Amino acid sequence: MAQINQHFLKLQAGYLFPEIGRRVSAFQKDHPDAPIIKLGIGDVTKPLAPAIVEAMHQAVDEMGAEAHGYGPENGYSFLTDAIREHDYQARGVKIAADEIFVSDGSKQDSGNIQEIFGTDCQISVTDPSYPVYVDTNVMAGRTGEADSEGRYEGIIYLPASEKNGFIPPPPDQRVDLAYLCSPNNPTGAVANRDQLGQWVQWARTHDAILIFDAAYDAFIQDPDLPRSIFEIDGARECAIEMRSFSKRAGFTGTRCAYTVIPKEVFGRSVKGEPVSLNALWGRRHATKFNSVPYVIQKAAAAVFSPDGAAQTAAQVADYMRNARLIREGLGGAGFSVFGGEHAPYIWMKTPNGLSSWDFFDQLLTRAHVVGTPGSGFGPSGEGYFRISAFNSQENVEAAIERIREGFGQ
Ligand SMILES: *Cc1c(COP(=O)(O)O)cnc(C)c1O
């Protein structure tokens, strides 16, 4: 028998969402008529916008008329040019075409990026965080075992708390790779210019790399808040950014994202020589990936067309109206709620000091509402609960009413 990668056995039992699915199915089996409302997993509920569907149809016809084989490794220029213009130039940021790597998802990118770094690198995550950052470093052998709270030995966890507004400051220990996500999943918190400036300053002083996940940038409501880490001076020397079409344009099942690695950002070899991370990731991408389908890249480019931009902005606005309803509805009823102003997630303190999973079970049985236990995102998420705005307004309103009734507030 072949020996397996032993590090995989350190992973905590089950990924969060299968466990939620198991509990919901079990409840549904015993209560087949319970009208369950799901505000759990962070997945969109609206269909693709018409301008995107039209672009896809057209691209299919083009593929039937002439061969479109392997695309350029880093993405078609019609897409990278649109990204440069609309996501960056429009906000005063210059990104070169060969600094963008189009991919089939930010989950993959944020999980794969650690491959180009040494196994001895010290990593930090804000806690709670998107589970992919931690789990992929566990798989790669950068950690020891997890303790009873799910805290892996060797990872620096930076607690996001009410006290720091759920945006932890940089650590005072040595860190090589720091994962940051703003607007944040799961807390819904957003970092302002000063906070990101502090992180960039820290990274430059300590020779660290920031891995900045901006999957939710389109949900930022205040135009003065930074949408990209590259809006911060000095970030080109220390940051890698990931963005996705998944949440901003309903591409969770369509799959398109991109990673930006400026040419000024370097790691070092064992001998201490600087090595371009852009070149290293380019080499990795070309070896392990054969580009995103033409039809999908055409669909992604349509997100930047005037119609596509307007239609996807309207979808985001609908989700953000739901977020406001949840925040105000539960907040007004006496629950402690955070986030939801620049992100489609509300981070709620569990009532009566319940654990995250106990509240999950009570919410399911009493209100037939599914959310996500905060502890599933890291030890500091214990005692909190994530409610997602990805559903219809009608369902969101019904869920709020049931939570208020079920928990007597
Ligand atoms: C949804 C999400 C992503 C996007 O993943 P895709 O693979 O592009 O669908 C990335 N990061 C975070 C924090 C997310 O919540």
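Counting in our numbering, the sequence shown runs from 9 upward without gaps.
C-beta atoms are modelled at their ideal positions from N, C-alpha and C, and glycine is treated no differently.
Note that the coordinates shown come from a computational prediction; the quantities given were computed from them, not determined experimentally.
Counting the other Cβ atoms within 10 Å of the Cβ of LYS115 gives 16 or more, which makes it buried. A Cβ-Cβ contact shorter than 8 Å links PHE385 with PRO139. When secondary structure is reduced to three states using DSSP, LYS115 falls in the helix class. Under the three-state reduction of DSSP output, ASP221 falls in the strand class.
Here GLY337 has ILE408 as same chain residues with Cβ atoms under 6 Å from its own Cβ, once five neighbours each way along the sequence are excluded. In this structure, DSSP gives ASP106 a helical state, which the three-state scheme calls helix. The alpha-carbon separation between ARG235 and LEU188 amounts to approximately 13 Å. Residue pairing by DSSP places CYS189 opposite ASP221 in a beta bridge. Exclusion of LYS296 from the 7 Å shell around ligand 1 follows from its C-beta lying no nearer than that to any non-hydrogen atom of the ligand. Comparing C-alpha distances from ASP106 to each of SER364, SER190, LEU24 and THR267 shows the shortest one belongs to THR267. Relative to ligand 1, the beta carbon of ALA223 is positioned inside 7 Å of a heavy atom. Annotation: ASN192 to SER137 spans about 8 Å, alpha carbon to alpha carbon. Below 8 Å, enough C-beta pairs join the segment 257–264 and the segment 307–321 to call them touching: three or more.
For LYS18, no pairing in a beta bridge is given by DSSP. By the C-beta criterion, the segment 368–387 is judged to be in contact with the segment 395–412, since at least 3 inter-stretch pairs fall below 8 Å.
With a 10 Å radius around the Cβ and a threshold of 16 neighbouring Cβ atoms, LYS255 comes out buried. For MET71, DSSP assigns no beta-bridge partner whatsoever. Per DSSP, LYS306 is one residue of the alpha helix (DSSP H) stretching across 302–310.
Residue pairing by DSSP puts THR380 in a beta bridge opposite ARG394.
Residue pairing for GLU249: DSSP places it in a beta bridge opposite PHE220 and VAL268. The Cβ atoms of MET356 and TYR327 do not sit closer than 8 Å to each other. Across the set ASN360, VAL300, GLU272 and ALA199, the C-alpha of ALA199 shows the shortest separation from the C-alpha of GLU349.
With respect to the 8 Å criterion, SER132 and ALA186 are classified as neighbours on the basis of their beta carbons.
Here DSSP, grouped into helix, strand and coil, assigns ALA154 to strand.
For ASN403, the distance from the CB to the nearest heavy atom of ligand 1 is not below 7 Å. For SER114, the shortest C-beta to heavy atom distance toward ligand 1 is below 7 Å.
In this structure, the CA atom of ILE28 is about 9 Å from the CA atom of PHE368. Take the alpha-carbon of ILE219 and the one of ASP117: they are about 10 Å apart. The count of Cβ pairs closer than 8 Å, one atom from the segment 121–131 and one from the segment 284–300, reaches three, so the stretches are in contact.
Around the beta carbon of TYR78, a 10 Å sphere encloses fewer than 16 other beta carbons of the protein chains shown; the residue is thus reported as exposed. According to the DSSP secondary-structure assignment, SER236 is paired through a beta bridge with no residue. Taking every protein chain shown into account, the CB of ASP366 has fewer than 16 other CB atoms within 10 angstroms, so this residue is exposed. It is roughly 10 Å from the alpha-carbon of GLY340 to the alpha-carbon of LEU333.
Counting the other Cβ atoms within 10 Å of the Cβ of ILE163 gives 16 or more, which makes it buried.
For ARG276, no alpha helix (DSSP H) encloses it; the enclosing beta strand (DSSP E) starts and ends at 274–276. The criterion of a C-beta distance shorter than 8 Å is satisfied by GLY196 and GLY347.
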